[in-house]
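Position in the sequence shown (first residue = 1) + 46 = full-length UniProt numbering.
Yeah, the Cβ is synthetic: ideal placement off N, Cα and C, and Gly gets one too.
Since the model is a prediction, treat every value here as computed from it, not as a measurement.
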Amino acid sequence: SVLSPPPPSATPPPTLLGPTTLPAPSPSLNARLSLVQADITTLRVDAIVNAANTSLLGGGGVDGAIHRAAGPQLLADCRRLRGCPTGSAKMTDAYDRLRCDKVIHAVGPIYRRSDREGSERALASAYTRSLELAAEAGCRSMAFSALSTGVYGYPAREAAAVQCAAIRKFLEEGKGEGLEKVVLVNWMAEEVWRSYLAVVPLFF
Ligand code: AR6
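And the structure:
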């Protein structure tokens, strides 16, 4: 596992995605996954995944940080994409002070307690689409922002479970064979980090 096992009192994640007790993943799958507390704009990976909105024209949070680091060329590229629906993602090059080659702009849902299932479906699909784009582009490493866990209000434990389940499913289905390293990135939000520490070891 990428982390030490959860304490015995850890409850399974409140995910709707299926059985809450998964069989242990293969060691080779575990070796491809890591969880880090870092500013995603500083990472040297093939692609980073931005938590964007449907306009793809920038915003606050991690989106703002990525655009600040990349400079105006990224925004010009994003303009040409003409937006992106919730639950999907689009890819651009990276610029200036970013150390990655590609930026995947993923649009997670604004969390709606009244439509938990719809929120979950959209979040999972934003992750899956990002993985598909990275795999198609031949990326060997990628780093994910914790989509929707900031301004979009997704409860962090649930979001972590949805993220882990989507990534594990994709890799176990053999769709991302070239993806040697998948990094889950947490930054700036201690509560989100603690949730990931509790949930990730239930999946990897
Ligand atoms: N590196 C990694 N993670 C970060 C960084 C960073 N530099 N900065 C913040 N985070 P958010 P959302 C974490 O709000 O909830 C924007 O305005 C943060 O602690 O950036 O999907 C967009 O334009 C949180 O855990 O994204 C959209 O309008 C996580 O990144 C809207 O916010 C995501 O928080 C998207 O909201």
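heavy atom of the ligand AR6 below 6 angstroms from residue i C-beta
i: M234; result: yes
i: I86; result: yes
i: A93; result: no
i: D123; result: no
i: A111; result: yes
i: R96; result: The displayed chain sequence assigns Asn, not Arg, to residue 96. Not so, every heavy atom of the ligand AR6 lies at least 6 angstroms from the Cβ.
i: T195; result: yes
i: V108; result: yes
i: Y198; result: yes
i: S191; result: yes
Status (buried if at least 16 other CB within 10 Å, exposed otherwise) for residue i
i: E219; result: exposed
i: M137; result: buried
i: F250; result: buried
i: M145; result: Checking the sequence shown, residue 145 turns out to be Arg, not Met. When all chains shown are included, R145 counts as exposed.
i: P155; result: buried
i: S72; result: exposed
i: P58; result: With a pLDDT of only 49 at P58, under 50, the local geometry of the prediction cannot be trusted, and the value read off the model is given with reservation. So P58 counts as exposed.
i: G224; result: exposed
i: W233; result: buried
i: E166; result: buried
i: D85; result: exposed
i: C123; result: Here residue 123 is Asp; the residue named in the question, Cys, does not match the sequence. Buried is the call here.
i: A97; result: buried
i: R159; result: exposed
i: T87; result: buried
Own chain residues within Cβ distance below 8 angstroms of residue i, not counting five before or after
i: R186; result: D92, G224, L225, E226 and K227
Cβ-based neighbour list, residue i, same chain, cut-off 6 angstroms, excluding 5 preceding and 5 following
i: L177; result: F216 and G222
i: A206; result: S241, Y242 and V245
i: R175; result: S134 and A135
i: Y173; result: Q209 and A212
i: L89; result: A189
Practice problem: Please specify which runs of the beta strand (DSSP E), each continuous and at least 3 residues long, are wholly inside the segment 134 to 168, giving them in chain order. | Solution: Annotation: the segment 134 to 168 contains the following complete segments of the beta strand (DSSP E) (minimum length 3 residues), in chain order: 135 to 139 and 148 to 152.
Quiz item: Are the segment 116 to 134 and the segment 200 to 217 touching, with three or more C-beta to C-beta distances below 8 angstroms?
Solution: no
Quiz prompt | Any 3 or more C-beta pairs closer than 8 angstroms across the segment 188 to 206 and the segment 98 to 108 | solution = yes
Exercise. Tell me the start and end of each unbroken beta strand (DSSP E) in the segment 163 to 224 that is at least 3 residues and wholly inside, in chain order.
Key: 187 to 190
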